[in-house]
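Peer 1: I have a structure I would like to understand better, so I am pasting it below and will then ask my questions one at a time.
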Amino acid sequence: MHQPNCLLTTWVQENNELVNKWRERQQEGGGLSRDQNRTTCSSEFHKLLRKIQGVPPLADHTRLELSVVYNTCLLSTAQSQFREAELLLTHTLQRALQMTGDDPVTSDLPAFWRTVLKSVRNKALNSCVLRLLCVQWVIWLATCQIKTIHDFKEELSSLVQTLCTGDGDEKRSEGEKEKCTDVPRLVTDPRRLVELLQICTFIAQGAESLSEGQSSEALSGLQKASSLSAPRTLVARVHFLSGSCLAHMSCPQMALQCYMKALETDSCCVCALYQSMLIYRQLGNRQAEIQAMRLLHSTLMLPSATVPALASTQLLSPSLLLCSQSLSSLLSVPSALSVLHNLALTCVLHERVSEGVEYYLDLLAALHSEDQHGVSAEGPPLPRLPELYLEGGAALLMARRSTDCMALCNEVINTTMDLLPERLVMEDPEETSKAETRGVSAAGEDKMAMLLWSGAAYLLQGHCHTHLKDWKQAVTHYTRCINLLVKVRFKKKGLQPQIPSADMVDKQGTDLCILQRLKGLSLAGRGISFTQTDRLREALRDLLLSLQAFPECVGAGLWCGEVLWRLGRRQEAAACWEKTWSFATQSSVEGLPLYLWEPQTGPLLDSTELRCRIQTLGST
Amino acid sequence: MDGRCAVDTWTQFGCTHASFSPRITFGLGTDVFICTGSDEVYVFNTQERKVTAVLQFPAPVSDLSESHDKQLLYVSCGSGVYCVSPPFLLSRAPTSPGDASSRPAELKISSESLVVGEEGVSSLLLVGSVLLILSQRETSWMLSLYKTPTQAQSSSYELLSSFSLPLVSAGTQGDTEGAGMRRRPVLSCVHSDPSSTLSDSHLHLKPVLFKLLFGIDAALAKSPVILFGLPDGRLCFLPLRLPGSRLRVLHSLEQPVVFVGASVVKETDPGHAQCLVAMGEQGRVVLMKAINRGSEGAGCTAGFIEACVPGPVVCGSVDQHHLYYSTGSDLLLLDLSEGIIWGEGQEREEETSSKTPAALQSPTSLNVCGVMALAAPERNTAGGVQLLGLSVRGQLQRIVLPEGRQDVGVSSQTSSHGGRSVRDLLSAIGGVCERVSTLKTTIKSKNQILRHLNQLLNVSFLLTARTNGEEHPPMQEKQIRCRAMTRWSRLLQKDSLNLTCVLDNSGPYVLEQGWTLSVTVFPVSSSPSAGGESSSTNFSFPFHDLHPGETLEVSLPLAAAGDTCFPLRVACSLIFSLSSLLAEEERTHLPDLQSGERREESSGKEESLSTIEVQVDSSSIAAVCGLHHAVLHRIQALLQRAPESAASTKRVQSSGLRRALQRAERLLPQIQQSRISGAFGDGTSTGHMTRSLLAIYQELRENPLLII
């Protein structure tokens, strides 16, 4: 009888030494060493457990055995070895129950647990078994079994009750227990663990309900969670999710308040910033939208934003417990570069051109920075680099920095020039499958896209020369653009390739649409340049061709009228103006890249003056 | 071909049968770094033509890469990546003026220089301030990007990002070649920006080709592109500074990639190669170049020209127009500019044509065998091309290509055929030379082993001669023998018994390396064979050559006073363990020594189990007598335990022993008697006492315990 007790003492000591060693090493720091610490300690706990479970179950040993299993399983789950931990749990519980005489044989895990809990109720082992239930909870949460947790609600809440209010020896604080050498120590205080599990469960459940569209249900759960004590980042997440629920329930102002609370709790809660920005955009509050975006960008640039939250000395990190797809999609935030691009574009779109230009330049500088290392981020990808160059160029032109704009366009032209084809046949995208749509070369380079980028660059350069009133250069660049665009033939199924026309454009945003728009804009630009040098016949030809390619072109319509007027065809001129005004109000530039907009920097015609002219025409 | 390559062997390192393929790269100034795949990296100065430093790492070195200023060297081995500064280390290395000129500095690199702890690192590359590490994991290739610290004193290497590519099983022939040696993935960096510095593993490509292969975005961002060739044949790339870039596969050679380089530079476009070359282990060559399909109106497209040359390919290198590669038995040359001309002439061919240009099918033999690694080719002062190679025997060779080599080509079919047959012949001669030299080495080593065995057998015969040599006179001196002496000594007020064994080689043979003198001490109460381990102590003294006439003396503490239960048995064995077959041992037993009084000095000398001579000397005749008696008892006990086979001799020995014992027993009371009478001084004259003692003494002297 003496021998087992002696063994028991040795094993308790071994367990306690392992726990102490783990804690010491955990404090030492270093991400790599923490991982190693976890691995080595886990294997040592497994060794100890093999010794303990090598003898038949003894009543005296059970308490120690269950404590060691608790430690071992927690270390396993921290290494994401959930299946292993779960098997160990059930095996151990079956061993423990063999002594009490019960033998629950069921393959259903929740049913098994219910039997176990029933048979140990009011027994000395109850608290030890409850600890193991905590481990099971960890596994369920980490493997996103929200439904199982929901089904087990009552048992879990009684677990929380028992562990937190104190029962039996649980009344003694962990610190007191540490002092007794005969009590097996634990790697994590079960009460701290339960607190963490509680809030993480609320968060996971909230995210799940929210993604299923049950916002109000999610909100009530989250409200309960907000009163719990928890680490700051988790509390911030509760506020954030509450805000998301409210946003879904069409309460934008209340949602904003929740996001604000989240930010007050944790200033690095970037998802709250991002979502507030989206709400401001939805509310049409441009100032606040831009402000939020600016904050978001600077927060994302902080080194701390990229460090995963709570990479602390804790054994179980919240990121291990909160890994559901629905939650991570709610928390996702675009990359810093993507935010910067959005910020630049939003500024330009909302009459803050000079500010937008600076952001574009920041963006291009960041892309050229040595510190840029292809870090991949979730969220929408950035536009292709040539498109960013062209957008930046267009913004520079809007800010009347034509030389800078030309420099950017030159980059695009020089890069694409030697790759451009002599002829290009564009097939109807409706008729060809996605994979074989375009002539894709080794790196998947798209000849059509290159041609359109190059054309847009020439167009912008034409606009720049127009702005500088260098009409000859303007004509040269517009002509280059036109020459490039006419290389494209459009092929419809069963027909020969032909020059595309405006009536073939049936969808916005397609290559064909962009091609026609570029053609219209460059012809209009050249026509306008011709009018400035009094070459009215050429001007009229170009402006009419422009309207043919792109009938909604306002500049072409107005200037076509002007040329007609100058040529003495006043009735035609009036009709042309009237027609242009009729569609000028409907045409929208939404979704169009900046560089495909009609230029605002060239010579303008005053509509009121034109109307006066029509009136004089009518009165005569 | 007018003339062969001039090959100078500059120095010799260890053989290159190591775990990683060897590598040579140019370092600062005229320095060259050589890793043969062992734990060491050699710094060789090409001007002084000698090894200036040897860097010793804790594990076999898999790859190395230098910083652009050539001040830092990154080396991957075993547990991770080390960063050392060779100029700094050399300036600190202790060099005595005497041997500074002759011996290279040996620098041991400790774990203090470990900068990135990552297991399984295969290849390294430094691009600007970013250290790229390609390592093989269980299921994937992992490319990790680390930011190197800007200040030298800072030591944090921040992980910027990492990319993984799932492993695919290598091609069917992939693992057969060079079993045991791991083929290092080829890691290089491609630039389109001519302002960037060019060094080993950094290639400059013509912008058109760069854009065609790696995309417009990489070109616009002026991003370097990481290109790597894997043992599974895939050639992958990653634009380094492009947001959201992914690893993509450029091409697959379907055989382990041995080499990637850039070649064909035209005078009109200096600094930019028009062609990217990749070479596989079985001889597949892929040339990637921009092909202008102007006539079709398609503009420029990337052309992949594939060819197959006779393999296997061990290593390769390119210069402006030529690809050099070694098959192990020959060094060959391919003229790439001809392949390019072919490519341009075949505009209407399919993009990835399987047709092979003539120039790519007929490599020129340079008749240099055994090259395992090549450094980038250089032009020497005379304008000729010279290559630096590492041979299979670990020799660093300078290979100077013959002048006028460029004129040899495929100008006319017949001359080309003639030239080729001569080349084949020369190459065959080269192959025979190679085989002969390998055979020579094998024969040499076999001879060595045989000589050793012969020596061993001779020694063994000498040792065993006594056991089966009944015809030899027993008193004949053994030619190899072991003497042992014991001595009490007092150190720090503690008495201890020391044993000194002297192995004396007076035979004609050398006891070569591999022999061990083993001394086992154990109490007699426990048998040496069964269950004696509890108290026996074993001492082993391995020794180098013991030439005829030389002796080996070893001393060891037997026991401290009072600790040991006497008597003790000491067994000396001579053990040789080349293998269990050749093991031979001589076992000699020392007689047991039981000291009655501590002052006594006893020494035993013995030669074999069957012949024992015990010398007992002491100033006290009583002690001698007592000891004499005790020895006789021990021998009697020993005889009773002697093996059954020796039963006949045992009987003889026993009777002799019994007589001797009786004699001794008779002497003891005589001594006692004379001592007592001496002490009481009862009338017996001192003269009588002295006489009686002398008689005893004489009897002891004259009846030595010679028992056969």
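In order, the protein sequences belong to chains A and B. Read left to right, the first sequence gives residues 67 to 686 (our numbering). Read left to right, the second sequence gives residues 213 to 920 (our numbering). We put the beta carbon where it would ideally sit given N, CA and C, even for glycine.
(1) Establish whether the CB of residue 337 (chain B) and some CB of chain A are separated by less than 8 Å.
(2) Roughly how many angstroms lie between the CA atoms of residue 435 (chain A) and residue 476 (chain B), to the nearest whole one?
(3) Verify the CB distance criterion: does residue 420 (chain B) have a CB-CB separation below 8 Å to chain A?
(4) What would DSSP say about residue 334 (chain A), mapped onto helix, strand or coil?
(5) Restricting to Cα atoms, I'd like to know which of A:139, A:218, A:680, A:103 is closest to residue 174 (chain A).
(6) I'd like the list of long-range same chain contacts for residue 604 (chain A), defined as Cβ closer than 7 Å, with 5 residues on each side in sequence excluded.
(7) Nearest chain A C-beta to residue 453 (chain B) closer than 8 Å, yes or no?
(8) Whole angstroms is fine: what's the gap from residue 425 (chain A)'s alpha carbon to residue 410 (chain A)'s?
(9) When Cβ atoms are compared, which residues of the stretch 414-440 of chain B fall closer than 9 Å to chain A?
(10) With 8 Å set as the bound, which would you pick, yes or no: does the beta-carbon of residue 197 (chain B) sit closer than that to a beta-carbon of chain A?
(11) Quick check: the stretch 250-257 of chain B against the stretch 270-277 of chain B, are there 3 or more CB pairs under 8 Å?
(12) Answer with yes or no whether the minimum CB distance from residue 512 (chain B) to chain A is below 8 Å.
(13) Just the C-alpha distance for residue 756 (chain B) and residue 661 (chain B), rounded to the nearest angstrom, thanks.
(14) Mind pulling the chain B residues with CB within less than 9 Å of residue 436 (chain A)?
(15) Distance, Cα to Cα, residue 354 (chain A) vs residue 548 (chain A)?
(16) Can residue 481 (chain A) be considered in contact with the ligand PLP, in the sense that its beta carbon sits closer than 7 Å to one or more heavy atoms?
(17) Who are the near neighbours of residue 487 (chain A) in its chain, counting only those whose CB is closer than 6 Å to its CB and skipping five residues on each side?
(18) Quick check on residue 105 (chain A) - is its C-beta less than 8 Å from some C-beta in chain B?
(19) Relative to the C-alpha of residue 539 (chain B), which candidate in B:278, B:717, B:517, B:496 has its C-alpha closest?
(20) Looking at the structure shown, is residue 672 (chain A) part of a helix, part of a strand, or coil, going by DSSP?
(21) List, in order along the chain, the chain B residues whose C-beta lies closer than 8 Å to that of residue 425 (chain A)?
(22) With respect to the alpha helix (DSSP H) encompassing residue 523 (chain A), which residues constitute its N-terminal and C-terminal limits?
(23) Quick one, which of B:765, B:770, B:333 has its alpha-carbon nearest residue 750 (chain B)'s?
(24) Scan the stretch 275-333 of chain A and note each continuous alpha helix (DSSP H) run of 4 residues or more that stays entirely inside, going in chain order.
(25) Contact between the stretch 368-380 of chain B and the stretch 343-359 of chain B: three or more CB pairs below 8 Å?
(26) On the DSSP bridge assignment, give the partners of residue 564 (chain A) in chain order.
(27) Among the residues of its own chain, which have a CB less than 6 Å from the CB of residue 204 (chain A), if the five just before and after it don't count?
(28) Please decide whether residue 344 (chain A) counts as near chain B, where near means a Cβ-Cβ distance under 8 Å.
(29) Can you list the residues of chain B that residue 477 (chain A) reaches, using a CB-CB cut of under 9 Å?
(30) Which of the three DSSP states is assigned to residue 663 (chain A) in this structure?
(31) State the beta-bridge partners of residue 549 (chain A) as determined by DSSP.
(32) Which residue's Cα is closest to the Cα of residue 489 (chain A): A:470, A:552, A:483, A:538?
(33) Identify every run of the alpha helix (DSSP H) within the stretch 572-657 of chain A, keeping only runs that are complete inside it and at least 4 residues long; order them along the chain.
(34) Would you give the residue range spanned by the alpha helix (DSSP H) that residue 425 (chain A) belongs to?
(35) Looking at residue 253 (chain A): is its Cβ nearer than 8 Å to the Cβ of residue 225 (chain A)?
(36) Please state the DSSP three-state secondary structure of residue 375 (chain B).
Peer 2: A quick look at the data gives this:
(1) So no, residue 337 (chain B) is outside the interface.
(2) Cα to Cα, residue 435 (chain A) sits roughly 31 Å from residue 476 (chain B).
(3) Contact of residue 420 (chain B) with chain A is assigned, a C-beta pair being separated by under 8 Å.
(4) Residue state, collapsed to three classes: coil.
(5) Residue 174 (chain A) has its Cα closest to that of A:218, out of A:139, A:218, A:680, A:103.
(6) Excluding residues within five positions, the ones whose Cβ falls inside 7 Å are 596.
(7) Interface residue, yes.
(8) C-alpha separation (whole angstroms): 5 Å.
(9) So the close ones are 419, 420, 423, 424, 425, 426, 427, 428, 429, 430, 431, 432, 433, 434, 435.
(10) With chain B running from 213 to 920 in the structure shown, residue 197 (chain B) is simply not present.
(11) The stretch 250-257 of chain B makes contact with the stretch 270-277 of chain B: 3 or more CB pairs, one atom from each, lie closer than 8 Å.
(12) At least one beta carbon of chain A lies nearer than 8 Å to the beta carbon of residue 512 (chain B).
(13) Spanning the two alpha carbons is a distance of roughly 17 Å.
(14) Annotation: Cβ neighbours of residue 436 (chain A) in chain B (cutoff 9 Å, chain order): 340, 341, 342, 453.
(15) Straight-line Cα distance between these residues: approximately 42 Å.
(16) Ligands are entirely absent from the displayed structure, and the ligand PLP is therefore not among its contents.
(17) Excluding residues up to 5 positions away in sequence, 513 lie with their Cβ nearer than 6 Å to the Cβ of residue 487 (chain A) in the same chain.
(18) Interface annotation, residue 105 (chain A): not in contact with chain B, CB-CB separation never under 8 Å.
(19) Looking at the Cα atoms, B:496 is the closest of the given residues.
(20) DSSP places residue 672 (chain A) in coil when its eight states are reduced to three.
(21) Those do not exist, as residue 425 (chain A) stays about 16 Å from chain B at its closest Cβ, beyond 8 Å.
(22) That run of the alpha helix (DSSP H) goes 513-533.
(23) Closest option to residue 750 (chain B), Cα to Cα, is B:770.
(24) Listed in chain order, they are 281-291, 298-314, 318-331.
(25) The answer is yes - the stretch 343-359 of chain B touches the stretch 368-380 of chain B, with three or more Cβ pairs under 8 Å.
(26) Beta-bridge pairing links residue 564 (chain A) to A:556.
(27) So the list reads 143, once near-sequence residues are dropped.
(28) No Cβ of chain B is located within less than 8 Å of the beta carbon of residue 344 (chain A).
(29) For residue 477 (chain A), the chain B residues whose C-beta falls within less than 9 Å of its own C-beta are 432, listed in chain order.
(30) Looking at residue 663 (chain A) - three-state DSSP - the assignment turns out to be coil, as it is neither helix nor strand.
(31) Note: residue 549 (chain A) sits in no beta bridge, so no partner.
(32) Closest by alpha carbon: A:552.
(33) If we require 4 residues or more, the alpha helix (DSSP H) runs fully inside the stretch 572-657 of chain A come out as 577-598, 602-615, 620-632, 636-650.
(34) That run of the alpha helix (DSSP H) goes 419-434.
(35) Going by C-beta atoms, residue 253 (chain A) is not nearer than 8 Å to residue 225 (chain A).
(36) Here DSSP, grouped into helix, strand and coil, assigns residue 375 (chain B) to strand.
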